[in-house]
Amino acid sequence: MDSKKALVVISFGSTFDETRTHDIGGIEQALAAAFPAYDQYRAFTSAIIRKRLAERGIKIDDTETVLQKLVDAGYEEVVLQPTHLLHGEEFEQKILSLRDKFTAKFQKIIISQPLIVNDEDYRLAAAAVAVQVPPLAADEGVVLMGHGTPRNNNKAHGYTYVRLQEIFDSMKFPAIVGTVEEEDTPNFEAVLQKLQERKYKHVHMYPLMVVAGDHAKNDMYGDEEDSWKTQIEALGIKTTGHLCGLGRSKAIQAIYIQHVLRVLSLED
1 MDSKKALVVI
11 SFGSTFDETR
21 THDIGGIEQA
31 LAAAFPAYDQ
41 YRAFTSAIIR
51 KRLAERGIKI
61 DDTETVLQKL
71 VDAGYEEVVL
81 QPTHLLHGEE
91 FEQKILSLRD
101 KFTAKFQKII
111 ISQPLIVNDE
121 DYRLAAAAVA
131 VQVPPLAADE
141 GVVLMGHGTP
151 RNNNKAHGYT
161 YVRLQEIFDS
171 MKFPAIVGTV
181 EEEDTPNFEA
191 VLQKLQERKY
201 KHVHMYPLMV
211 VAGDHAKNDM
221 YGDEEDSWKT
231 QIEALGIKTT
241 GHLCGLGRSK
251 AIQAIYIQHV
261 LRVLSLED
């Protein structure tokens with residue numbers, strides 16, 4: 001008799017129905033199609049998002065709760081695939097930290113990696129972003145808003161956003177990468193400085209995030225005076241907003257599939 005196997009797709013989460021369907025759901029569907037021998041489960045790491053969804057009658061478990069349910073249901077092999085962009089606080093504290101607690105409860109518990117963990121991932125992710133962008137005129141550019149992290153995780157794990165900027169520059173792709181977190185690098189001040197240096201007359205704005213949620217709709221492209229859109233337009237630069245998360249990109253989904261294939265091959 002075959003052992004019971006589960007694939008748990010773990011996301012930060014979103015209160016926006018469209019992004020849960022197309023960004024998170026897009027990754028989940030791609031993984032389900034790629035690994036049909038595994039029963040698939042969903043977990044969200046954000047307690048605030050789970051609480052807000054529960055108030056609307058939408059119940060989504062945290063990772064620990066899902067794992068305990070799998071133990072109780074008799075699963076023997078479990079693969080955890082985070083959809084988080086990078087190896088940051090959410091991944092470390094809410095996924096990796098569970099390994100010791102559950103190792104003895106399964107025959108195998110395998111933890112895969114977030115989207116970007118090595119140089120190949122950087123290049124694949126950069127190429128996936130670039131193909132989403134419409135053809136650009138010489139005076140047009142792209143602004144990408146990443147989340148960042150206030151605890152220097154960016155620096156601890158190889159200056160993720162700075163490295164992406166370097167790769168876009170090496171591709172001759174006219175993108176400027178910034179982070180919402182002011183303490184992170186590069187922050188929005190650095191974005192504004194680059195915009196003035198490059199003299200773009202029109203920029204296409206995209207979230208550099210798996211999910212196009214609150215940051216994309218408000219911080220990046222909201223109408224408030226402190227939004228990136230408003231401040232960039234105040235410089236006389238025209239903007240076009242593209243409120244789609246990375247999760248709905250087939251090329252991005254393929255990177256997650258490769259991560260699962262990689263960890264499964266290491267276990268064989």
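For the sequence shown, position 45 matches number 45 in UniProt numbering, and the numbering has no gaps at all.
Even glycine gets a Cβ: it sits at the ideal position worked out from N, Cα and C.
Keep in mind it's a predicted model, so treat the numbers as computed, not measured.
Backbone CA spacing between residue i and residue j [nearest angstrom]
| i | j | result |
| --- | --- | --- |
| V260 | T103 | 18 Å |
| Q253 | L208 | 15 Å |
| P186 | A251 | 25 Å |
| I116 | L96 | 16 Å |
| I232 | P36 | 46 Å |
| A73 | T240 | 49 Å |
| Q93 | R99 | 11 Å |
| L164 | V143 | 12 Å |
| S11 | E224 | 28 Å |
| S227 | I58 | 30 Å |
| I109 | E77 | 6 Å |
| N154 | Y161 | Interpretation of N154 is limited by its pLDDT of 44, a score under 50 that renders its predicted location unreliable; the figure taken from the coordinates is listed afterwards. Those two C-alpha atoms are separated by around 7 Å. |
| A262 | A130 | According to the sequence as given, residue 262 is Arg; it is not Ala. For R262 and A130, the distance between alpha carbons rounds to 25 Å. |
| P134 | A127 | 13 Å |
Residues near residue i by beta carbon distance below 7 Å, same chain, minus five either side
| i | result |
| --- | --- |
| P114 | P82, H84, L85, L86, H87, F91 |
| H242 | H204, M205, Y206 |
| I255 | L115, D121, L124, A125 |
Supposed close pair residue i, residue j - CB separation, criterion 8 Å
| i | j | result |
| --- | --- | --- |
| I27 | G213 | At roughly 15 Å, the Cβ-Cβ gap does not stay under 8 Å, so I27 and G213 are not in contact. |
| Q132 | S249 | 6 Å |
| S3 | Q107 | 7 Å |
Contact with chain B by residue i, beta-carbon distance below 7 Å
| i | result |
| --- | --- |
| R99 | Of the protein chains in the structure, only one exists, and it is not chain B. |
Residue i - partner residues in DSSP beta bridges
| i | result |
| --- | --- |
| R42 | V9 |
| P82 | I10 |
| I116 | L86 |
| P135 | For P135, which the question treats as bridged, DSSP gives no partner whatsoever. |
| I110 | V79 |
| V203 | G141, T239 |
| residue 284 | Only positions 1 to 268 of the chain appear in this structure, which leaves residue 284 out of reach. |
Whether residue i touches residue j by CB criterion (7 Å)
| i | j | result |
| --- | --- | --- |
| E189 | G148 | no |
| V79 | A43 | no |
| K105 | V71 | yes |
| M220 | M145 | yes |
8 Å Cβ shell around residue i - same chain, five flanking residues per side excluded
| i | result |
| --- | --- |
| H157 | Because H157 carries a pLDDT of 45, less than 50, the predicted location of this residue cannot be relied on, and the following value inherits that uncertainty. Closer than 8 Å at the Cβ level, and outside the excluded window around H157, lie L86, H87, G88. |
| G222 | K229, T230 |
| R123 | I167 |
Cβ-based neighbour list, residue i, same chain, cut-off 6 Å, excluding 5 preceding and 5 following
| i | result |
| --- | --- |
| H202 | E140, K238 |
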